[in-house]
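Below is one structure, written out as structure tokens, with a few remarks after it.
In the numbering used here, the protein residues as written are 13 to 116.
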């Protein structure tokens, strides 16, 4: 897994979805890292994966692999990343709990 410097957008879009889309566009490596963590965890025999756990592991790996940069991974993006992971890997649909978005 490759850890990159997190890029933050200039200004703040209005909706959580818009914020997520901007963050994801600037930091596509985050999704790849979450994919790698998920694949590894499932390969080890797990049947369920918590996105909260994946976020915390990613935060820890970022802190231990970089110096000086604060890693800001917004918890509001968890539900969006789960949906992207399942979209890209439909076989993982049963591994994640997916709740309705407040905007749905």
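Just so you know, even glycine gets a beta-carbon here, dropped at the ideal spot from N, CA and C.
Coarse secondary structure for residue i, derived from DSSP in three states
i	result
residue 27	coil
residue 80	coil
residue 90	helix
residue 36	helix
residue 113	coil
residue 60	coil
residue 67	helix
residue 97	helix
residue 43	helix
residue 49	helix
residue 54	helix
Integer-rounded CB distance, given that residue j should sit under 8 Å from residue i
i	j	result
residue 46	residue 97	6 Å
residue 71	residue 85	6 Å
Reference residue i, options the options, closest by Cα
i	options	result
residue 93	27, 67 and 51	67
residue 49	73, 35, 28 and 30	73
residue 55	113, 103, 28 and 114	103
residue 114	69, 99 and 88	88
residue 99	35, 30 and 43	43
Determine contact between the segment 103-110 and the segment 55-67, defined as no fewer than three beta-carbon pairs at a distance below 8 Å.
Counting Cβ pairs under 8 Å, three or more are found: they touch.
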